[in-house]
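Engineer: I have a structure here, written as structure tokens, and I will follow up with some questions on it.
Chains as they are written, first to last, in my numbering: chain A, 10 to 100; chain B, 15 to 594.
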């Protein structure tokens, strides 16, 4: 009887330690996950900023101004257009 | 106990009465029981409540803002995007700052010290000091490390295209809720779900540890519009130019894809910059294309002709007598700008004769004419989902007097919005089908409701093409290399607050489509109160139409359907004195 009790007590201790370890592990993993999520958020922020920047720099008004004023570009007249029609893709 | 009683025994033996020791024992036991009872009460019966109270002292649930979805054009270009910013808030009960710290804080966030002091002495638990600070400034605030001052992550909405698509997009309020336009109409799609986290805080409220994520923030969905930002830019640019050139009060334009019913561009001038709230006022905020109704004028003539042809009352070569240049209906008189003689039905459209159109309309029973206008979408909203759209006004036919039926044929006594007008022209462009319009990308052709037969549609289309020939009122809408069809409109503006029309204030419009051999785009242009001398649709709205249409066809890579030399200037000067 005493032997059984000691045995069960040992199991109890092992289980208790297991619970503690598992909890600790869970906390650690949660922190890791948080870290990664923060990184993901940061990257997303950066991506948004870049998209915004691109949107601002590639504004049609700006592109047109640079093309016309700085690069002396013009819209070619219709007579200088050659339209190649892909027969399968005609819309 | 034993010792106590033992002692009491000994004291008893040294001349104290026995009741004193018993009383003492009783009192001590009573105290013990009270303590035990209290312990049981706290630990057993009231445990949950107390535990919760304890936890709330250090553990807290904080909200995490979800990012609002961005809005893109049909090619994925960004039209609206939410960027993260920080807001400074305080818990006035916790704030403990030196005057020096407050001075620095005031300087950083640009709020006066007096205001900050006032908020600190409030009895609330949450107050904003300053919202939407750029990340760099927020970091400096964080470094001040003042007790009770916190930062909250929020989002700020940016519109990189500024006023270009302002009316379509609308804007959001400071809390990120849609207020106008697409932002309002698709609020549910764009908004995400706020997340919740449980955290452990230390004594002064700093977050020490994240305990669990109750709910992850769910970002809103992105929205892809049918708008092509290149065409949108072109449309806005030409509109601004036309307004300046003709010293107009305002102008609107809308471009529809004939096959899919998608709105490729929709612009108004004046517009506002959604990034600067100060530029928003009553004049600039309205998306006139949809929320303003106007009397369309001659652009409505093709519908009277179409229904008269559909019901077999006229053919395109039926002669209409307009020789007097005026027509008496009841005790009112309908006039043409000038006497145009006998005209065929085709020429009525081409020369835009009011008398001719009125005569055609009077051949019809009111119900038939009403049904045509109703089925063409006038008097009902276009169903594009834009908030605040007007349905225009199409009065029920049993209230019509003959003069009203006559004037309606040339677009007076009825009001429409520009989108309705553009959509109604898809009937002629798409062989009789009224295409359902959408602001969201569809990309696949849709089948519209059949309104008139293919034959009638093609016949009217031919007349509309004649209207932009050198002899037509809309000849300045022509484009090199493409066959164009369309109709001019010039309407007197209604007087405000009283009956009748203003003599010298006009709405000039042009609605048309190209290329005629296989129509791809419908464009409707409206110029409100041009005041630089010219006011006819053919000289004010048609040139703007032509420029936008030409650019649009180029952007869409639409093949030419005419030799390029088709635009030799006509030998006779354009006759623009025609009405409409």
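Idealized CB from N, CA, C, for every residue including glycine.
1. Can the beta-carbon of residue 578 of chain B be found closer than 8 Å to that of residue 534 of chain B?
2. Taking the C-alpha atoms as reference points, what is the distance between residue 121 of chain B and residue 203 of chain B?
3. So residue 45 of chain A contacts chain B; which residues on that side make the cut at Cβ distance below 8 Å?
4. What separation, rounded to the nearest whole angstrom, lies between the Cα atoms of residue 184 of chain B and residue 192 of chain B?
5. Nearest CA to the CA of residue 626 of chain B: which residue from B:493, B:382 and B:313?
6. Touching or not, the segment 285-296 of chain B and the segment 440-458 of chain B, by the rule of three or more beta carbon pairs under 8 Å?
7. Using a C-beta to C-beta distance shorter than 7 Å, which residues of chain B count as neighbours of residue 57 of chain A?
8. Leaving out the 5 sequence neighbours to the left and right, which residues in its chain are closer than 8 Å to residue 380 of chain B when beta-carbon positions are compared?
9. Are residue 247 of chain B and residue 33 of chain A touching if we call contact CB-CB under 8 Å?
10. So for residue 200 of chain B, helix, strand or coil by DSSP?
11. Would you kindly work out how many angstroms separate the C-alpha atoms of residue 507 of chain B and residue 321 of chain B, rounded to a whole number?
12. Mind pulling the alpha helix (DSSP H) runs of 4 or more residues that sit fully within the segment 511-565 of chain B?
13. Can you give me, in chain order, the residues of the segment 156-176 of chain B that have a beta carbon less than 7 Å from any beta carbon in chain A?
14. Where DSSP assigns a beta bridge to residue 280 of chain B, which residues make up the other side?
15. Among B:564, B:496, B:173 and B:331, whose alpha-carbon lies nearest the alpha-carbon of residue 479 of chain B?
16. Any C-beta of chain B sitting closer than 8 Å to the C-beta of residue 95 of chain A?
17. Residue 272 of chain B and residue 452 of chain B - do their beta-carbons sit closer together than 8 Å?
18. Mind pulling the chain A residues with CB within less than 7 Å of residue 283 of chain B?
19. Going along chain A in order, which residues have a C-beta closer than 9 Å to the C-beta of residue 243 of chain B?
20. Fully enclosed by the segment 470-498 of chain B, which alpha helix (DSSP H) runs are 4 residues long or longer?
21. First and last residue of the beta strand (DSSP E) that includes residue 209 of chain B?
22. Could you tell me whether the segment 50-70 of chain B touches the segment 114-131 of chain B, using the rule of 3 or more Cβ pairs below 8 Å?
23. Within 10 Å of its beta-carbon, does residue 585 of chain B have 16 or more other beta-carbons around it, so buried, or fewer, so exposed?
24. How big is the Cα-Cα spacing for residue 277 of chain B and residue 64 of chain A?
25. Are the CB atoms of residue 336 of chain B and residue 315 of chain B nearer to each other than 8 Å?
26. Can you find a CB in chain A that lies within less than 8 Å of the CB of residue 486 of chain B?
27. Suppose contacts are defined by Cβ-Cβ distances below 8 Å. Is residue 448 of chain B in contact with residue 428 of chain B by that definition?
28. Going by other Cβ atoms of all chains shown within 10 Å of its Cβ, with 16 needed for buried, is residue 25 of chain A buried or exposed?
29. I'd like the ranges of any alpha helix (DSSP H) spanning at least 4 consecutive residues and lying wholly in the segment 24-99 of chain B.
30. Which residues in chain A have a C-beta closer than 9 Å to the C-beta of residue 224 of chain B? List them in chain order.
31. Give, in chain order, every unbroken run of the alpha helix (DSSP H) that is at least 4 residues long and sits entirely within the segment 343-419 of chain B.
32. Keeping to the same chain, check which residues put their C-beta closer than 6 Å to that of residue 266 of chain B; ignore five residues upstream and five downstream.
33. Measure the alpha-carbon distance for residue 450 of chain B versus residue 387 of chain B and round it to whole angstroms.
34. Just to make sure I have the definition right: I need the residues of chain B whose C-beta is within less than 7 Å of the C-beta of residue 87 of chain A. Which are they?
35. Counting only beta-carbon separations shorter than 8 Å, does residue 32 of chain A have a partner in chain B?
36. Three or more C-beta pairs under 8 Å: does that hold for the segment 292-301 of chain B against the segment 344-362 of chain B?
Structural biologist: Answer, in terms of the structure:
1. Cβ distance not < 8 Å, so residue 578 of chain B and residue 534 of chain B don't count as in contact.
2. One C-alpha to the other measures close to 39 Å.
3. Residues of chain B passing the Cβ test: none, with the nearest at roughly 13 Å.
4. Each residue's Cα considered, the two are about 8 Å apart.
5. Chain B is shown from 15 up to 594; residue 626 of chain B falls before or after that span and cannot be answered.
6. The answer is no - the segment 440-458 of chain B does not touch the segment 285-296 of chain B, with fewer than three Cβ pairs under 8 Å.
7. Taking a Cβ-Cβ cut-off of 7 Å, the neighbours of residue 57 of chain A in chain B comprise 95 and 97, given in sequence order.
8. If we look at residue 380 of chain B and ignore the five residues flanking it on each side, its Cβ neighbours are 411, 412, 414 and 419.
9. Inclusion of residue 247 of chain B and residue 33 of chain A in the CB contact set at 8 Å is not warranted, their separation being larger than that value.
10. Collapsing the DSSP output to three states places residue 200 of chain B in coil.
11. Cα to Cα, residue 507 of chain B sits roughly 27 Å from residue 321 of chain B.
12. Within the segment 511-565 of chain B, there are no complete alpha helix (DSSP H) runs of at least 4 residues.
13. Residues 172, 174 and 175.
14. DSSP lists B:268 as the bridge partner or partners of residue 280 of chain B.
15. Out of B:564, B:496, B:173 and B:331, B:496 has the C-alpha closest to the C-alpha of residue 479 of chain B.
16. No, residue 95 of chain A does not count as interfacial toward chain B.
17. Judged by beta-carbon spacing, residue 272 of chain B lies beyond the 8 Å limit of residue 452 of chain B, meaning their Cβ atoms are not closer than that value.
18. Within chain A, no residue comes near residue 283 of chain B; the closest Cβ sits about 14 Å away, beyond 7 Å.
19. In chain order: 69.
20. Runs of the alpha helix (DSSP H) lying entirely within the segment 470-498 of chain B and spanning at least 4 residues: none are present.
21. If you look at residue 209 of chain B, you'll find it in the beta strand (DSSP E) that goes 209-215.
22. No contact exists between the segment 50-70 of chain B and the segment 114-131 of chain B.
23. Low confidence applies to residue 585 of chain B: its pLDDT is 43, below 50, so where it sits in the model is not reliable enough to give any reading.
24. The C-alpha of residue 277 of chain B lies about 21 Å from the C-alpha of residue 64 of chain A.
25. In this structure, residue 315 of chain B does not lie closer than 8 Å to residue 336 of chain B by Cβ.
26. No - not a single Cβ of chain A is within 8 Å of the one on residue 486 of chain B.
27. No, they are not a contact pair.
28. Classification for residue 25 of chain A: exposed.
29. Listed in chain order, the alpha helix (DSSP H) elements of length 4 or more contained wholly in the segment 24-99 of chain B are 32-54 and 61-72.
30. By Cβ distance, chain A contributes 39, 40 and 43.
31. DSSP runs (the alpha helix (DSSP H)) wholly in the segment 343-419 of chain B: 359-365, 368-376 and 380-389.
32. Result list for residue 266 of chain B: 282, 302, 303, 432 and 540, in chain order.
33. Cα-Cα distance, rounded: 16 Å.
34. Contact note: residue 87 of chain A reaches chain B through 494, 495 and 578, using a C-beta cutoff of 7 Å and chain order.
35. It does not; no Cβ of chain B falls within 8 Å.
36. No, the segment 292-301 of chain B does not touch the segment 344-362 of chain B.
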